[in-house]
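A.B. asks: Starting off with a structure, shown below.
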Amino acid sequence: MTSPASVSEKIELDLLVEAIHRRYHYDFRAYSRASLARRAELLRQRLDCPTLSHVQARLLREPELLPVMIDCLTVQVSEMFRDPAYFRTLREEVIPHLRTFPSLKVWVAGCSAGEELYSLAILFREEGLESRTLFYATEINPVALARAELGIYDLDRIPLFTENHRKSGGRSSLSDYYTAAYGGAVFDKSLRARTVFAEHSLASDEVFSEMHLISCRNVLIYFDSTLQDRALRLFRESLTRGGFLGLGMNESLRFSGHADAFASFAPEERIYRRLAGVPQKEARHGVA
Numbered sequence: 038m039t040s041p042a043s044v045s046e047k048i049e050l051d052l053l054v055e056a057i058h059r060r061y062h063y064d065f066r067a068y069s070r071a072s073l074a075r076r077a078e079l080l081r082q083r084l085d086c087p088t089l090s091h092v093q094a095r096l097l098r099e100p101e102l103l104p105v106m107i108d109c110l111t112v113q114v115s116e117m118f119r120d121p122a123y124f125r126t127l128r129e130e131v132i133p134h135l136r137t138f139p140s141l142k143v144w145v146a147g148c149s150a151g152e153e154l155y156s157l158a159i160l161f162r163e164e165g166l167e168s169r170t171l172f173y174a175t176e177i178n179p180v181a182l183a184r185a186e187l188g189i190y191d192l193d194r195i196p197l198f199t200e201n202h203r204k205s206g207g208r209s210s211l212s213d214y215y216t217a218a219y220g221g222a223v224f225d226k227s228l229r230a231r232t233v234f235a236e237h238s239l240a241s242d243e244v245f246s247e248m249h250l251i252s253c254r255n256v257l258i259y260f261d262s263t264l265q266d267r268a269l270r271l272f273r274e275s276l277t278r279g280g281f282l283g284l285g286m287n288e289s290l291r292f293s294g295h296a297d298a299f300a301s302f303a304p305e306e307r308i309y310r311r312l313a314g315v316p317q318k319e320a321r322h323g324v325a
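Residues in the sequence shown are numbered from 38 upward in steps of one, following the numbering used here.
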């Protein structure tokens with residue numbers, strides 16, 4: 038039997054996300070409740086409030102707390118060339134298809150602090166496609182987006198980034214792309230010269246058009262099924278015919294209402310291909 042305290046906490050969380058949506062137009066209502074509850078507790082502790090009701094009251098009356106709220110309620114966990122097999126598959130199997138286009142658009146949805154963006158920019162430079170590619174890096178969290186634009190990471194993270202880059206089939210040394218300064222690794226600003234940074238919510242905003250590759254990894258796991266379907270609808274409508282979608286290792290199209298719009302191009306790496314105009318035989322297997 039659910040305890041009265043648990044019922045009250047659920048109501049408080051529901052009221053908090055509703056208040057955030059109505060006051061600031063950030064929509065967390067369809068986020069996974071378990072994950073959202075953990076993040077809301079972090080926010081409560083950060084603001085030193087006794088309950089979520091007190092958090093709600095402060096957020097309604099203190100708009101200067103908005104960056105703190107967004108930073109707490111969004112998950113910012115990433116690394117460069119995370120899951121190297123994913124990037125190796127992009128390099129070896131997806132890039133040959135992308136080479137056939139005279140110009141390319143790549144959308145990194147939920148770019149966090151930019152690790153995935155810089156990984157793709159480096160990969161496209163190494164494969165000779167950077168000069169004809171326009172990257173879109175979007176994120177709901179403006180603080181994380183600002184970090185992404187700076188491209189500065191703690192030096193103690195660089196050994197892992199370097200090893201991931203090597204395992205992904207990197208054609209050079211990762212050190213070619215950054216300098217040590219300001220107590221961190223500063224990535225070459227030329228890597229973001231062809232990048233549009235923008236705030237964007239998969240819960241409330243609309244599509245980008247004619248994308249050839251969308252990489253949205255480890256974002257959908259924080260959404261409930263309704264919001265996952267909304268995000269996948271955006272990706273389906275944003276992708277050009279034959280365009281590619283990359284998801285996280287624990288994400289899938291299998292139970293989505295949009296699964297029939299995609300073929301599973303590289304199932305183990307969760308890379309899919311938009312089916313419109315693409316022969317089914319190009320897929321390795323059915324959707325996974």
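Think of the CB as a built atom: it goes at the ideal place given N, C-alpha and C, for glycine as much as any other residue.
1) Taking 7 Å as the limit between beta carbons, can you name the residues of its chain near LEU80, skipping five residues before and five after?
2) List the endpoints of the continuous beta strand (DSSP E) containing MET117.
3) By alpha-carbon positions, which one of PRO196, HIS134, ASN178 ends up nearest to ALA235?
4) Comparing alpha-carbon positions, which option in SER140, PRO104, ASP193 lies nearest ARG83?
5) Report the option in THR277, TYR68, ALA71, SER209 whose CA atom is closest to the CA atom of MET248.
6) Expressed to the nearest angstrom, what Euclidean distance is found between the alpha-carbon atoms of SER210 and THR199?
7) Can you have a look at LEU197 and say buried or exposed, based on whether 16 or more other CB atoms are within 10 angstroms of its CB?
8) Quick check on the DSSP output: what are the complete beta strand (DSSP E) runs of length 3 or more inside the stretch 197-262, in order along the chain?
9) Under a three-way DSSP split, which group does GLU130 fall into?
10) Where do the ends of the alpha helix (DSSP H) carrying ALA296 lie?
11) Going by DSSP in three states, ALA320 sits in which element: helix, strand or coil?
12) From this set, ARG273, ARG119, PRO100, LEU89, which residue's C-alpha is nearest MET286's C-alpha?
13) How is the alpha helix (DSSP H) around ARG70 delimited, first residue to last?
14) Does the pairing of the stretch 136-153 with the stretch 183-193 give three or more beta-carbon distances under 8 Å?
C.D. replies: So, from the listed chains and residues:
1) VAL92, MET106, CYS109, LEU110
2) First-last for MET117: undefined, no H or E at that position.
3) ASN178
4) PRO104
5) THR277
6) 8 Å
7) exposed
8) 215-218, 221-224, 232-236, 248-252
9) helix
10) Note, ALA296: premise wrong, no alpha helix (DSSP H); not H, not E.
11) The pLDDT assigned to ALA320 is 43, lower than 50, so where the model puts this residue is not dependable; a value taken from the coordinates is nonetheless given after this. Coil, per DSSP.
12) ARG119
13) 70-83
14) yes
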